[in-house]
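First the structure, in the form of structure tokens, and then the observations on it.
Numbering (the working numbering), first residue to last: 1217 to 1411.
This is the structure we're talking about:
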């Protein structure tokens, strides 16, 4: 019985030692350091954006200053060209002018007068001209730079690749040229021919 009592006392002392030890360990831990995250101040540097190149258009017909070449900002409309040419004359036929038509580089705008004959109206009616197809396997650097997204350096890379591997047969073949990606291919669709 003495042995049972000794064991019980030993267990009680062990339990008390564990409780005291746990209390000491928990209370002597260093207090956690609070960390405050301060986000960086926003910078005033604007995101870089590509500035579209200006366009050149030729305007004729019933405007104050006809037969002039105008340099306008990309995204200009027929109404902007007419304004830059001094405005419409009194005899301008507004029914044959699409003032909202979007202009592209190299377009010709003709504003018809009321008395002009209809045969003339079939040639040009103050709207942008149709795009010219470029034969990619024959075009020189100057012709290639007329395409959207193709500058002089990229035109030279296209020619160098064409000279080294031969003809381009599909749009996918153009992806092998450094600097041409899917976005450029989409802009070229319908504007180039592989013959």
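Built from N, CA and C at the ideal position, the CB exists for glycine as well.
Item to check | Buried/exposed call for residue 1380, threshold 16 Cβ in 10 Å | outcome: exposed
Next on the checklist: Can you tell me where the beta strand (DSSP E) holding residue 1288 begins and where it ends?
Outcome noted: 1284-1288
Item to check | Option in 1232, 1329 and 1301 with minimal Cα separation from residue 1310 | outcome: 1329
Item to check | Start and end residues, alpha helix (DSSP H) containing residue 1381 | outcome: 1368-1381
Next on the checklist: Could you check whether residue 1314 and residue 1327 sit closer than 8 Å to each other, using their CB atoms as the reference points?
Outcome noted: no
Checklist entry - Ends of the beta strand (DSSP E) at residue 1272? => result 1271-1277
Item to check | CB contact flag (residue 1307, residue 1272, <8 Å) | outcome: no
Next on the checklist: I need the DSSP call for residue 1293, collapsed to helix, strand or coil.
Outcome noted: strand
Checklist entry - Going by the CB atoms, is the gap between residue 1269 and residue 1290 shorter than 8 Å? => result yes
Item to check | Whole-angstrom C-beta distance between residue 1352 and residue 1409, which should lie under 8 Å | outcome: 7 Å
Item to check | Range covered by the alpha helix (DSSP H) that runs through residue 1223 | outcome: 1218-1243
Checklist entry - Rounded to a whole number of angstroms, what is the C-alpha to C-alpha distance between residue 1376 and residue 1361? => result 15 Å
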